[in-house]
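Structure record follows, encoded as structure tokens.
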Amino acid sequence: MRLFAVLVALAVFSCTPMQPAFTAGSSMTESHPVKGRMGLLINQKLSFGEYQTSRVQRSWTRTDRSSMPLRTNVLFWLLYDKTLSLESTGKLQNLHFTMRSPQGQAADVYATSVFSSEEILASGNPNSGINVLNRVFGAGDSQNVYYLQVYLDNQEKPWHLMLDNQASQMQAKSYRGVFAFDDNQYYTLVPLTKVASKSGPKSILMGSVGFEIKDPQGKTVAGVSLIDQGQVYFNTADPGEKFLLANLAAALLLQENLEAQS
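First residue of the sequence shown: 1381, per our numbering; consecutive thereafter.
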């Protein structure tokens, strides 16, 4: 993701490390620096707090699903609910990783980037997860989309993220992304457009520096700073929720490297 505001903010706040400013009244109970985001991408593993990804696979064609007992072709799972076209999944800008929680949960994460929202919504099944998300929340029309599927444990239906990169930067103050399982279980991604300063939150001139993640009740439960190495924040005591959001955070942090492959 191209963080337009970072260069501007670096000039203004070059004397102190930048920290995002969250919604007024929202406080994070945990903050974790990210390791493994920068540098060589060979055998890359991302870690923060108690979470670590497996080796990040790019341009994959086969993988072992940690949450399923069989070895299978990734394409099958991406097309499980007829979400993506063969043309889309054949593009090179892909990544896959697995993650396990201290409590023993497993997750498989698949992401792809740089194709249009129309390609993702080509499913013939109106009840597929991504089309439910689009029907309820609206996906819009974008040619710069980051699409994500997260499979938890033995669930055959994934959580979906379809993030409009253009809108999250150009319309950062109004754009909202959605990470959803269905129309009742979802999280909203709010672009972070302010950074902390001694005199209080200060707006950056344009773009965003990460995302604040809110539950359906509007409570801030997590955050991701995409500045430099990155930082992950949590504000939930639920281990299952933290693990799900840890997978989302890792995928958001890896997207900049994903785009660099083009």
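All C-beta atoms, glycine included, are put in the ideal place defined by N, C-alpha and C.
Subject >> Three-pair Cβ contact test at 8 Å for the region 1608 to 1624 versus the region 1478 to 1485 >> reply: yes
Subject >> Integer Cβ distance of Gln1399 from Ala1576, believed to fall under 8 Å >> reply: Working through the sequence shown from its first residue, we reach residue 1399 at position 19. Working through the sequence shown from its first residue, we reach residue 1576 at position 196. About 4 Å; that satisfies the 8 Å criterion.
Original post:
Thinking C-beta only, is Pro1596 closer than 9 Å to Phe1561?
Top reply: Counting from 1 along the sequence shown, the entry for residue 1561 is found at position 181. Counting from 1 along the sequence shown, the entry for residue 1596 is found at position 216. It is not a contact, given that the beta carbons lie outside the stated cut-off.
Subject >> Close beta carbons around Met1479, own chain, < 8 Å, minus the five adjacent residues each side >> reply: Along the sequence shown, read from residue 1 onward, the residue named residue 1479 stands at position 99. Cβ neighbours of Met1479 beyond the five flanking positions: Tyr1431, Gln1432, Thr1433, Ser1434, Ala1486, Ala1487, Val1489, Phe1623, Ala1626, Asn1627 and Ala1630.
Subject >> Whole-number beta carbon distance between Asp1544 and Tyr1555, since they are thought to touch under 8 Å >> reply: In the sequence shown, counting from the first residue as 1, residue 1555 sits at position 175. In the sequence shown, counting from the first residue as 1, residue 1544 sits at position 164. Correct: roughly 7 Å between the Cβ atoms.
Subject >> Range of the contiguous alpha helix (DSSP H) that encloses Ala1552 >> reply: Within the sequence shown, residue 1552 is the residue found at index 172, counting from 1. Ala1552 -> no alpha helix (DSSP H), and no H or E assigned at all.
Original post:
Are there 16 or more other CB atoms within 10 angstroms of the CB of Ile1422, so buried, or fewer, so exposed?
Top reply: Stepping through the sequence shown from its first residue, residue 1422 is reached at position 42. With fewer than 16 other Cβ atoms within 10 Å, it is exposed.
Subject >> Proximity to Ser1407 [Cα-Cα], best of Lys1582, Gln1611, Ile1584 and Thr1600 >> reply: Walking along the sequence shown from the start, residue 1407 turns up at place 27. The candidate whose alpha carbon is nearest that of Ser1407 is Thr1600.
**OP:** Report yes if the CB atom of Gly1598 is closer than 9 Å to the CB atom of Gly1590, and no otherwise.
**Re:** Indexing the sequence shown from 1 puts residue 1598 at position 218. Indexing the sequence shown from 1 puts residue 1590 at position 210. Their beta carbons are not under 9 Å apart, which means Gly1598 does not touch Gly1590 by this criterion.
Subject >> According to DSSP, residues forming a beta bridge with Thr1492 >> reply: Along the sequence shown, one-based indexing puts residue 1492 at 112. Its beta-bridge partners are Asn1474 and Tyr1527.
Subject >> Cutoff 6 Å; reference Asn1615; Cβ partners in own chain excluding five residues on either side >> reply: As a position in the sequence shown, residue 1615 is number 235, starting the count at 1. Result list for Asn1615: Met1408, Thr1409, Thr1600 and Val1601, in chain order.
Subject >> As assigned by DSSP and simplified to three states, the class of Pro1337 >> reply: No statement about residue 1337 is possible, as the shown extent of the chain runs from 1381 to 1642 and does not include it.
Original post:
Within 10 angstroms of its Cβ, does Pro1619 collect 16 or more other Cβ (buried), or is it exposed?
Top reply: Translated into the one-based positions of the sequence shown, residue 1619 becomes position 239. The residue in question, Pro1619, is exposed, as its Cβ has fewer than 16 Cβ neighbours within 10 Å.
Original post:
Near Phe1428, which residues of its chain fall below 6 Å by C-beta distance, leaving aside the five closest residues on each side in sequence?
Top reply: Residue 1428 sits at position 48 when you count from the first residue of the sequence shown. Cβ neighbours of Phe1428 beyond the five flanking positions: His1412, Val1414 and Val1612.
Original post:
Taking the C-alpha atoms as reference points, what is the distance between Tyr1531 and Ser1579?
Top reply: To locate residue 1531, count along the sequence shown from 1; it is residue 151. To locate residue 1579, count along the sequence shown from 1; it is residue 199. Answer to the nearest angstrom: the Cα atoms are 42 Å apart.
Subject >> Assigned secondary structure, Leu1532 (DSSP; H/G/I helix, E/B strand, else coil) >> reply: Within the sequence shown, residue 1532 is the residue found at index 152, counting from 1. Leu1532: strand per DSSP, three-state reduction.
Subject >> Under the three-state DSSP convention, the category Glu1621 falls into >> reply: Locating residue 1621 in the sequence shown gives position 241, where the first residue counts as 1. Three-state result, Glu1621: helix.
**OP:** Identify which residue in Ala1491, Gln1437 and Gly1557 has its Cα closest to the Cα of Gln1529.
**Re:** The residue you call residue 1529 lines up with position 149 of the sequence shown. Nearest C-alpha to Gln1529: Ala1491.
**OP:** Mark Ala1404 as exposed unless 16 or more other C-beta atoms lie within 10 angstroms of its C-beta, in which case mark it buried.
**Re:** Here residue 1404 corresponds to residue number 24 of the sequence shown, with the count starting at 1. The residue is exposed, with fewer than 16 neighbouring Cβ atoms inside 10 Å.
Subject >> Bridge-paired residues (DSSP) for Leu1541 >> reply: For the purposes of this step, residue 1541 is identified with residue 161 of the sequence shown, where counting begins at 1. The partner list for Leu1541 (beta bridge, DSSP) reads Leu1528 and Phe1559.
Original post:
Does the distance from the C-beta atom of Leu1569 to that of Leu1541 stay below 9 Å?
Top reply: For this step, residue 1569 is matched to residue 189 along the sequence shown. For this step, residue 1541 is matched to residue 161 along the sequence shown. Cβ distance < 9 Å, so Leu1569 and Leu1541 count as in contact.
**OP:** Would you identify the three-state DSSP class for Leu1569, choosing helix, strand or coil?
**Re:** Residue numbering aside, residue 1569 sits at position 189 when the sequence shown is read from its first letter. DSSP places Leu1569 in strand when its eight states are reduced to three.
**OP:** Using the DSSP secondary-structure output, state which residues sit across from Gly1590 in a beta bridge.
**Re:** One-based indexing of the sequence shown puts residue 1590 at position 210. According to DSSP, Gly1590 bridges with Ser1605.
Subject >> Spatially closest choice to Val1525 from Ala1547, Tyr1566, Ile1584 and Lys1582, by CA coordinates >> reply: Locating residue 1525 in the sequence shown gives position 145, where the first residue counts as 1. Comparing Cα positions, the closest option is Ala1547.
**OP:** Report back the beta-carbon spacing between His1476 and Gln1437 to the nearest angstrom; my notes put them in contact at under 8 Å.
**Re:** Position 96 of the sequence shown holds residue 1476. Position 57 of the sequence shown holds residue 1437. About 5 Å separates the two Cβ atoms, so the contact holds.
Original post:
Taking all protein chains shown into account, do 16 or more other C-beta atoms lie within 10 angstroms of the C-beta of Ser1583, making it buried, or fewer, making it exposed?
Top reply: Along the sequence shown, one-based indexing puts residue 1583 at 203. The residue in question, Ser1583, is exposed, as its Cβ has fewer than 16 Cβ neighbours within 10 Å.
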